[in-house]
Amino acid sequence: MQAGARTDLQDNNGYMALSSAARSGHHEVVEQILSHDPNCKDAADDRGYTALHCAARSGHHLVVEVLIKHNCSKNALIHSGETALHLAARSGHKEVINTLIQSDIDISIKDSKSKTARDYLSKDKENYIEKLALERNKKV
Numbered sequence: 063m064q065a066g067a068r069t070d071l072q073d074n075n076g077y078m079a080l081s082s083a084a085r086s087g088h089h090e091v092v093e094q095i096l097s098h099d100p101n102c103k104d105a106a107d108d109r110g111y112t113a114l115h116c117a118a119r120s121g122h123h124l125v126v127e128v129l130i131k132h133n134c135s136k137n138a139l140i141h142s143g144e145t146a147l148h149l150a151a152r153s154g155h156k157e158v159i160n161t162l163i164q165s166d167i168d169i170s171i172k173d174s175k176s177k178t179a180r181d182y183l184s185k186d187k188e189n190y191i192e193k194l195a196l197e198r199n200k201k202v
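Counting in our numbering, the sequence shown runs from 63 upward without gaps.
Structure, rendered in C-alpha cells:
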C-alpha cells in the first residue's frame, strides 16, 4: 500500500477496501491493509457489515483467519442482528464455521428473528456448531 493511502473510502457498492478484499477472498491484501491501518479492522458499511461478515458470508476461511489474528470484533452484529457465524451458517461454509468457533465466538447470540447460527444450518448439520464448540472446550 502506498503511504497515505486511504482505507476508509467506499466503492460504488458501499464496500471499503478491506471489506472488498475480504469479500473477494484476497487474504494477502487483507493482511496488507491491516498492516497499513490496523484501526480499520472493524469498520462497517451502511448495513453494519464488517470485513469479517463479508468473508464469512462468502466462505473465505483464510481471510477470516487473518481478521481474527488481527483481533477483529468476532461478535459484531449487522443491522439484522446477525454475526459472522450466522452468515457462515446460512451459507453452509463449514470451514468458516470451524474457524470462527475455534476463535471462541459466542454461539448463543440470536438475531432479530430470535435465531442462533445453528438454526440456519440444514437438518443434517444442525449439531455441527455444538460439536465444534464441545471440541474447542475440551482443548482448553
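Glycine included, C-beta positions come from ideal geometry on N, C-alpha and C.
Query: Contact under 8 Å by Cβ, Ser174 with Gly154; Result: no
Query: Integer Cβ distance of Leu114 from Ala151, believed to fall under 8 Å; Result: About 14 Å; that fails the 8 Å criterion.
Query: Option in Lys131, Cys134, Ile130, Gly121 with minimal Cα separation from His148; Result: Gly121
Query: Assigned exposure category for Lys136 - 16 Cβ within 10 Å defines buried; Result: buried
Query: Residue range of the alpha helix (DSSP H) that includes Ala118; Result: 113 to 120
Query: Selection from Ala146, Val128, Ser170, Asn101 that minimises the alpha carbon distance to Ala83; Result: Val128
Query: Val92 versus Gly110, Val126, Lys177, Arg109, residue with shortest Cα-Cα distance; Result: Val126
Query: Any chain B beta carbon closer than 8 Å to Arg152; Result: The structure shown contains no chain B; it holds only a single protein chain.
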